[in-house]
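Protein sequences, first through last, are from chains A and B.
Basically our numbering = 1-based index in the first sequence + 37.
Basically our numbering = 1-based index in the second sequence + 37.
2 protein chains.
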Amino acid sequence: MATPNISLTVDAIVFGYEPKEGLSVLLVKRKYPPFKGRWAIPGGFVKEKESLEQAVERELEEETGVKVNYLEQLYSFGNPKRDPRSRIVTIAYYGLVRSANFELFAATDAEDAQWFHLSELPKLAFDHQKILDYALERLRSKVGYQPIGFKLLDKKFTMEEIHHLYEVIYGRKLDRRNFRKKFLKLEILEELEEKSGGGRGRPGSYYRFDEKKYLALEKKGMTFEV
Amino acid sequence: MATPNISLTVDAIVFGYEPKEGLSVLLVKRKYPPFKGRWAIPGGFVKEKESLEQAVERELEEETGVKVNYLEQLYSFGNPKRDPRSRIVTIAYYGLVRSANFELFAATDAEDAQWFHLSELPKLAFDHQKILDYALERLRSKVGYQPIGFKLLDKKFTMEEIHHLYEVIYGRKLDRRNFRKKFLKLEILEELEEKSGGGRGRPGSYYRFDEKKYLALEKKGMTFEV
DNA sequence: AAATATTCTCGTATTTTGTACGCAAATTAA
DNA sequence: TTAATTTGCGTACAAAATACGAGAATATTT
């Protein structure tokens, strides 16, 4: 009755973001065959007593030292031939972290886990490129109707930062002034006293995503749309 | 290394539609414990050499005799406690069929598999109510931006029928004239010569969904939106 | 057969939303 | 001090969504 010959893994596409760098993806180098030496997305077998999300977080911690700020189930991939060894079905997740380059190197050695800029991806093991494509598509559509973009930024951020983030994710220019208007009209940002010094030109306010306000408005039927 | 103690199943929420009845869901009565005698959504263990979609279609055929017209992966449910016997992770799908009441009774006896109107659902086994809620939410959002509503109707249908379908799925009134305008402007419907006789009032044209036209327009960046 | 009711189809007016873009204010760099 | 840069506000125009009037085609009632 049971299915002892099918194994279950979880894998995670983790997106990181740095204002100057843009979007990057966290990959690990495989130590054993098949695809020994190839880059792959982190993941591994689910243990019997842990939830799927716990499994993802554990594997990420073990293999890369990264703790994600947001985690969402993506899709399950179960093609019988996707792993040359045996039947392995994987439940793929994607995660978001801020300050990409920071947290990583502490917990692991840079040989095994690295951030790759989206435009400089190596060839990936298994069907991982397909999973990555799927994740990117999901991210692109989801930032438009759910406030998850903030998970890629620091708690406080300027209009310029979030504007640039959306331009990077969508891969096209967005009018700065209209973007601002639209975003502020949602009434889910809290403007802080502090201004962004340092850069050139007039400093802009810092903002913070007000999750409580968002949840209250969401309940009333408001829809986040960018 | 492997995970022999986790089993993998697939389950499917199948939505049927009849103009007079509205939306219904296909359920099967459980023959064995746990939850013996309770209604549940059809599904079962995945075999080693079949794809996930094949598994869904096989189980549906075996348990209910229904062949779906559309099938889409929904979400994977893996809470360690979701099955009281052992760790069973399920990959849930949802499917759509037209002429709900028709195909069912031929292949199975009505005792075991039945359509339930959405407003008259029995208490379900396991976490199946949660899966059903999830499926309904997905259906509601997806009919708005993908042309899957047609899969619930006959090949030819009137404006009144598809209009009513959307009202049922959304659970609210939609202005008939604006709905018509919007739908026709998409240019994915082929108007047929035939008119709908029989009913009261002026007969309306039959239409057919033109999939080729839709795919061509989609490639050009057109977006279906209702 | 005529009058009435029902439903489809076309059309128009109004409101809302999206887009393009000008320009003063605040700051840094020269 | 002047020039360059960036923020923040506002306005004009275009496009899309919504409300709804009314004639055409058919069935039903009288």
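For each residue, glycine too, the CB sits at the ideal point set by N, CA and C.
Hey, out of the options, whose CA is closest to residue i's CA?
{"i": "V83 (chain B)", "options": "A:S88, A:S44, A:E224 and A:F261", "result": "A:S44"}
{"i": "E230 (chain A)", "options": "A:T195, A:L252 and A:E98", "result": "A:T195"}
{"i": "P240 (chain B)", "options": "B:P79, B:A172 and B:E197", "result": "B:E197"}
{"i": "Q91 (chain A)", "options": "A:E58, A:W76 and A:D48", "result": "A:D48"}
{"i": "V263 (chain B)", "options": "B:L221, B:Y107, B:E157 and B:R237", "result": "B:L221"}
{"i": "K68 (chain B)", "options": "B:Y207, B:K160 and B:A150", "result": "B:A150"}
{"i": "F246 (chain B)", "options": "B:R175, B:L155, B:L89 and B:I199", "result": "B:I199"}
{"i": "R122 (chain A)", "options": "A:G132, A:P70 and A:L254", "result": "A:P70"}
{"i": "G74 (chain A)", "options": "A:L97, A:P159 and A:G132", "result": "A:P159"}
{"i": "H111 (chain A)", "options": "A:E99, A:E98, A:R175 and A:V180", "result": "Per the sequence presented here, residue 111 (chain A) reads as Leu, with His not at that position. Minimum Cα distance to L111 (chain A) is reached at A:R175."}
{"i": "K268 (chain B)", "options": "A:E87, A:K257 and A:D170", "result": "Chain B is shown from 38 up to 263; residue 268 (chain B) falls before or after that span and cannot be answered."}
Per DSSP, residue i is paired with what?
{"i": "A172 (chain A)", "result": "A172 (chain A) pairs with nothing; no bridge assigned."}
{"i": "L189 (chain A)", "result": "None, per the DSSP bridge assignment."}
{"i": "L45 (chain A)", "result": "A:V126"}
{"i": "A77 (chain A)", "result": "A:V65"}
{"i": "F82 (chain A)", "result": "A:T46"}
{"i": "R135 (chain B)", "result": "B:Y54"}
{"i": "S113 (chain A)", "result": "A:I128"}
{"i": "G59 (chain A)", "result": "A:E55"}
{"i": "A150 (chain B)", "result": "B:V65"}
{"i": "L226 (chain A)", "result": "A:F246"}
What whole-angstrom Cβ distance do residue i and residue j have, given they're in contact under 8 Å?
{"i": "I125 (chain B)", "j": "I50 (chain B)", "result": "Their Cβ separation, rounded to whole angstroms, is 17 Å, which puts I125 (chain B) and I50 (chain B) out of contact at 8 Å."}
{"i": "R178 (chain B)", "j": "S113 (chain A)", "result": "A small correction: the amino acid at residue 178 (chain B) is Ser; Arg does not occupy that position in the sequence shown. Incorrect: roughly 20 Å between the Cβ atoms, too far for contact."}
{"i": "L173 (chain B)", "j": "R135 (chain B)", "result": "Not confirmed; about 18 Å, so no contact."}
{"i": "G80 (chain B)", "j": "T101 (chain B)", "result": "Their Cβ separation, rounded to whole angstroms, is 11 Å, which puts G80 (chain B) and T101 (chain B) out of contact at 8 Å."}
{"i": "A77 (chain A)", "j": "L60 (chain A)", "result": "Not confirmed; about 19 Å, so no contact."}
{"i": "F52 (chain A)", "j": "V62 (chain A)", "result": "6 Å"}
{"i": "T260 (chain B)", "j": "Y182 (chain B)", "result": "7 Å"}
{"i": "K104 (chain A)", "j": "E98 (chain A)", "result": "7 Å"}
Quick one: grab the DSSP three-state call for residue i.
{"i": "A143 (chain A)", "result": "Only weak support is given to the placement of A143 (chain A): the predicted model assigns it a pLDDT of 49, under 50, and the question is left unresolved by the model."}
{"i": "F72 (chain B)", "result": "coil"}
{"i": "S242 (chain A)", "result": "strand"}
{"i": "K219 (chain A)", "result": "helix"}
{"i": "V51 (chain B)", "result": "strand"}
{"i": "E231 (chain A)", "result": "strand"}
{"i": "A92 (chain A)", "result": "helix"}
{"i": "E99 (chain A)", "result": "helix"}
{"i": "Q166 (chain A)", "result": "helix"}
{"i": "T195 (chain B)", "result": "strand"}
{"i": "Y182 (chain A)", "result": "coil"}
{"i": "K160 (chain B)", "result": "coil"}
{"i": "L202 (chain A)", "result": "helix"}
{"i": "V108 (chain A)", "result": "Looking at the sequence provided, one finds Leu at residue 108 (chain A) rather than Val. Looking at L108 (chain A) - three-state DSSP - the assignment turns out to be strand."}
{"i": "R213 (chain A)", "result": "helix"}
{"i": "R119 (chain B)", "result": "coil"}
Measuring CB to CB, does residue i end up less than 8 Å from residue j?
{"i": "Y244 (chain A)", "j": "E227 (chain A)", "result": "yes"}
{"i": "E85 (chain A)", "j": "N42 (chain B)", "result": "yes"}
{"i": "E224 (chain B)", "j": "K192 (chain B)", "result": "no"}
{"i": "V93 (chain B)", "j": "Y130 (chain B)", "result": "yes"}
{"i": "F163 (chain B)", "j": "D212 (chain B)", "result": "no"}
{"i": "L133 (chain B)", "j": "Y107 (chain B)", "result": "yes"}
{"i": "P56 (chain A)", "j": "H154 (chain A)", "result": "no"}
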